[in-house]
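S.K.:
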Amino acid sequence: MSKRTHIGGAWALFAFFSATIIITYAADRIDRLLSDTFTYELRAKSHLEMLVIRENFEQIIHEKMLALRELAVFLGENPFATQKDFSLRVQNIRELDDMVINVAAAPDLVVRLIHPLEPNIGAFGLNYRTNEAQYPGIERMLSVGTELMAGPVDLVQGGQGVILRAPVYWPAPDAVTEGEVNESTRRLWGIVSLVLDYQEFLVESGIREAEERYDMLIRPADAQPTNDALLFTYGDETLRDVDTVKLEFDFFFEEWVLEARTKGGWPKVAPDQWQKRAMIAIAGLMLLGTLLYVLQVSERRKRAEALLSSGIEALNDGFVMFDAQDRLLLSNSKYKEMYDLPNELLRRGTPFEVLLRSGVNSKQFPVGRFDEAEWIERRLAVHRQSHTLETEQHLADGRVIKASDRPLADGSYVGLRVDVTELSHAKDAAEAASKAKTNFMGVLSHELRTPLTVIMGVAQLSRNARMLSASKALLKGYEAGDISPSEAKRLLDQMYDQLSDLMNRLVQSGDHLLHLINEILDVAKIESGSLVIEPTHCAVQDIVDPVIEQLNTLSSKKGLAFDVIQEADVVFADKFRARQILFNLIGNAIKFTDTGFVRLVVKPVGDVVKFEVHDSGAGIAEAELQSIFEVFYQVDSSATRRAGGTGMGLAISRSLAEMQGGDLSVSSVVGQGSCFTLTLPINADPNASQPAAKVG
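Those letters in the sequence shown? Residues 807 to 1502, by our numbering.
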């Protein structure tokens, strides 16, 4: 089955035709720009090549003019130099190379000195005054009083040359001092000239190579068109009135200009202009094709987004997505339901911080010990971390939400919210049960093993009574036959005392073991709900007196003051269980108090009787005041380790108090002591039922 893909409606057609117009206009502008660029680059290239020619031209002329000046100075200082002197001097000038055809000196304007002489003998004796071709140039040079260049000229010895000339003057008179020499006081000796091979000059300067690509004109800046050899000119005089590249020469003796253009004139279009136009057309068509493809992809994307949105909405868990700037992109209804957020906040572009503040303001997020601003700042800091984040959010209504946030490559991130309230509660219960089991096994292993070890040890000693020291002494005296009746009686009493002490230790360990077993059974009964409480109206004295009688001896042994202040008469309680609670509280007070006092205060307060057990012991840290009522919990201190115990007594005591309609609480100051308060009702509550069993 074929699938048709639409590219949209009227807006897509409008976009397509608008793009066609824009691309056509851009293509025309690009074509013009390419043409202008070609012209500019061609002129720039021509300019660079002419710069090279100008530099070469200037370098040759400057070098040769310096050599000419050097000869002029030499002849001015040596006006009567011979041919030999002249040739020797010329040979010592290094600027004179193979390009130089000859160097000639003409005293009184008649050539008398030539180097080299033999190849140029035809020019010897040339009188410039009678040479109509060259004399006007010499007159011009003498009139301006500086070096000049002329050519190309036909040479007497044959060929064409470029002639550089310089005037030579007689030495200044002795009467004329330095600084007073001027043109009026100087007398002309003659001239010195240097002839360059014209063709070689064109090659060395680069003109010969460039003339294959360019039309060029080299001329004095102020000269009019002429064929006169008085001035050096090269090239096509018609270039004066057309568009050319122009460069000025840097000559000290005259201003010259170099003009150039491409051979036959500047081209109207680039050689590859039509190829470029074809490429522009192809690029335009490709752009239009790309636009059609983009419109098609856009339509597909809209459909994919709609499908994705439907899929996200169908999730049973909350889904949310934010961009790299923490702005909301999309979310589903389950996310809104979890956090009870208003619809106006769940719009695209809403910052994450706004959603967070809304949750804090609606009390969805408990801030705990932090103020709202600090809690929000800490939450934002965690949110901005650039890695996968797995957290549990505990909402104010008791629900637990597992939040999983994963960053994406572009800086945005997606979040999944799963309600794990039931799972979290089950996990906490399982962990608590596991911890209780571990604690129970540890305590059971230690607390039961200790009395059993004592019992086994005493039983072993009793089975080997002959090994007791008193038994050994009595037997030794009997076997020796020298023991008196009184001594025998004394040793026999010692043996009885040792056996009695062992039995007392055996009974104490048995009582302790029985107490531990009873506590374990009480916990089991409370947890299972099988413990029966039978409260009745009973005298407070019947509860308190038996406890005092049992524990008074223990407090006396430790040297503690044991005070009892009894002001109540009747209480509604289970007499046996109330006595068990007091026995545990007072027993703990005596165990954990080394010096000072233990005090029991019994008084009626309203419709309850308060049993307050005070001590001057080490006290309990505030952070542990509630934990001590958890089953198997023990404060980690040296006193606890010395006193021992299972950690079940206070948990059992609070449960027993609550099952009788009362309560058990504690207050303590570290270093000053503690006060445990047992409250029991004076009268029965007709509407009350026995509370559900719970320990810790």
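C-beta atoms are modelled at their ideal positions from N, C-alpha and C, and glycine is treated no differently. Note that the structure is predicted; figures quoted are calculated from it, not measured.
Relative to the alpha-carbon of Glu1418, which residue among Leu1486, Gly1402, Asp1380 and Gly1477 has its alpha-carbon at the smallest distance?
M.R.: When only C-alpha atoms are compared, the closest one is Leu1486.
S.K.: Go through its chain and collect everything with a Cβ distance to Asp1375's Cβ below 7 Å, but skip five positions before and after it.
M.R.: Correct list, in chain order: Ala1345 and Val1346.
S.K.: Judging by CA-CA distance, which residue of Ile1434, Gly1402, Ala1429 and Phe1435 is the nearest neighbour of Asp1421?
M.R.: The candidate whose alpha carbon is nearest that of Asp1421 is Gly1402.
S.K.: State the Cα-Cα distance for the pair Ala1449 and His1231, rounded to the nearest angstrom.
M.R.: Note that Ala1449 has pLDDT 49, beneath the 50 cutoff, so the model's placement of it is unreliable and the number below is only indicative. Looking at the two C-alpha atoms, the distance is approximately 35 Å.
S.K.: So, for Phe1128: in the same chain, excluding its five sequence neighbours on each side, which residues have a beta-carbon less than 7 Å away from its beta-carbon?
M.R.: The residues are Leu1134, Leu1135, Phe1158, Ser1218 and Tyr1219.
S.K.: Leaving out the 5 sequence neighbours to the left and right, which residues in its chain are closer than 6 Å to Phe844 when beta-carbon positions are compared?
M.R.: If we look at Phe844 and ignore the five residues flanking it on each side, its Cβ neighbours are Ala1076.
S.K.: Starting from Gly1095, trace the alpha helix (DSSP H) in both directions and tell me its first and last residue.
M.R.: Its alpha helix (DSSP H) spans residues Gln1079 to Glu1119.
S.K.: With distance defined between alpha-carbon atoms, name the residue in Leu1053, Lys1082, Met1085 and Leu1045 nearest to Lys1069.
M.R.: Nearest option by C-alpha distance: Leu1045.
S.K.: How would you call Leu857, buried or exposed, if buried means at least 16 neighbouring beta carbons within 10 angstroms?
M.R.: Exposed, because fewer than 16 other Cβ atoms sit within 10 Å of the Cβ of Leu857.
S.K.: Hey, quick one: how far does the alpha helix (DSSP H) through Thr830 stretch, first residue to last?
M.R.: Element bounds for Thr830: Ala816 to Glu883.
S.K.: Please say whether Pro942 and Tyr1004 have beta carbons closer to each other than 9 Å?
M.R.: Cβ distance not < 9 Å, so Tyr1004 and Pro942 don't count as in contact.
S.K.: Pull up the distance between the alpha-carbon of Pro885 and that of Ile859, whole angstroms please.
M.R.: If you take the alpha carbons of Pro885 and Ile859, they lie about 38 Å apart.
S.K.: Alpha carbon to alpha carbon, how far is Thr1200 from Met1092?
M.R.: The sequence given here places His at residue 1200; Thr does not occur at that position. Spanning the two alpha carbons is a distance of roughly 57 Å.
S.K.: Out of Ala1379, Val909 and Ala878, state which residue places its alpha-carbon closest to the alpha-carbon of Ser893.
M.R.: Closest by alpha carbon: Val909.
S.K.: Considering just the uninterrupted stretch of the alpha helix (DSSP H) at Met1022, what are its terminal residues?
M.R.: Met1022 -> not in any alpha helix (DSSP H); beta strand (DSSP E) instead, spanning Tyr1020 to Pro1026.
S.K.: How long is the line joining the alpha carbons of Val1414 and Ile1349, rounded to whole angstroms?
M.R.: The straight-line gap from Cα to Cα measures roughly 15 Å.
S.K.: What residue from Lys1140, Arg1185, Val1103 and Lys851 has the CA that sits closest to Val1160's CA?
M.R.: Taking only the C-alpha atoms, the option nearest Val1160 is Arg1185.
S.K.: Evaluate Thr1399 with the Cβ neighbour count: other Cβ atoms within 10 Å of its Cβ, from every protein chain shown; 16 or more gives buried, anything less gives exposed.
M.R.: Result: buried.
S.K.: Quick one: grab the DSSP three-state call for Asn1310.
M.R.: Helix, per DSSP.
S.K.: Please say whether Val1206 and Glu1198 have beta carbons closer to each other than 9 Å?
M.R.: In this structure, Val1206 lies closer than 9 Å to Glu1198 by Cβ.
S.K.: How far does the alpha helix (DSSP H) with Gln1347 in it extend, from its first residue to its last?
M.R.: First-last of the alpha helix (DSSP H) with Gln1347: Val1346 to Lys1363.
S.K.: Could you work out which residue in Phe1382, Trp995 and Thr1039 is closest to Met955 when comparing CA atoms only?
M.R.: Nearest C-alpha to Met955: Thr1039.
S.K.: Starting from Leu1388, follow the alpha helix (DSSP H) in both directions and report where the run begins and ends.
M.R.: Per DSSP, Leu1388 belongs to the alpha helix (DSSP H) from Lys1381 to Lys1397.
S.K.: Using only alpha-carbon positions, find the residue among Ala978, Leu1337, Tyr975 and Pro1073 that is nearest to Leu1019.
M.R.: Before going on, a small fix: residue 1019 reads as Arg here, not Leu. The candidate whose alpha carbon is nearest that of Arg1019 is Pro1073.
S.K.: Taking the continuous beta strand (DSSP E) assigned at Arg895, which residues delimit it?
M.R.: That residue, Arg895, is in no beta strand (DSSP E); its alpha helix (DSSP H) goes Gln889 to Gln897.
S.K.: In angstroms with no decimal places, state the Cα-to-Cα distance between Ala765 and Leu932.
M.R.: In this structure the chain extends from 807 to 1502, so residue 765 is not present and cannot be described.
S.K.: Buried or exposed: His921, going by 16 or more other Cβ atoms within 10 Å of its Cβ?
M.R.: Buried is the call here.
S.K.: Excluding the five sequence neighbours on either side, which residues of its own chain have a C-beta within less than 7 Å of the C-beta of Ile836, listed in chain order?
M.R.: These residues qualify, in order along the chain: Ile1086.
S.K.: Sort Phe1389, Leu877 and Phe1125 by Cα distance to Pro973 and report the nearest one.
M.R.: Considering only alpha carbons, the answer is Leu877.
S.K.: Ends of the alpha helix (DSSP H) at Val1166?
M.R.: Its alpha helix (DSSP H) spans residues Phe1158 to Asn1167.
S.K.: Report the CB separation of Asp1123 from Arg1212 in whole angstroms; it is logged as a contact under 8 Å.
M.R.: The pair is not a contact, with the Cβ atoms about 14 Å apart (cut-off 8 Å).
S.K.: If you run the structure through DSSP and keep just helix, strand and coil, what is Gly1425?
M.R.: Note: Gly1425 maps to coil in three-state DSSP.
S.K.: Are the Cβ atoms of Leu1484 and Asp1469 separated by less than 9 Å?
M.R.: Result yes, Cβ atoms of Leu1484 and Asp1469 sit closer than 9 Å.
S.K.: Between Lys1082 and Leu840, how many whole angstroms is the CB-CB distance? I'm expecting something under 8 Å.
M.R.: Correct: roughly 6 Å between the Cβ atoms.
S.K.: So Leu1064 and Asp1042 are supposed to be a Cβ contact under 8 Å. How far apart are they, rounded?
M.R.: Contact doesn't hold; Cβ gap of about 13 Å is too wide.
S.K.: Roughly how many angstroms lie between the CA atoms of Ala1379 and Leu1366, to the nearest whole one?
M.R.: Computed Cα separation, rounded: 29 Å.
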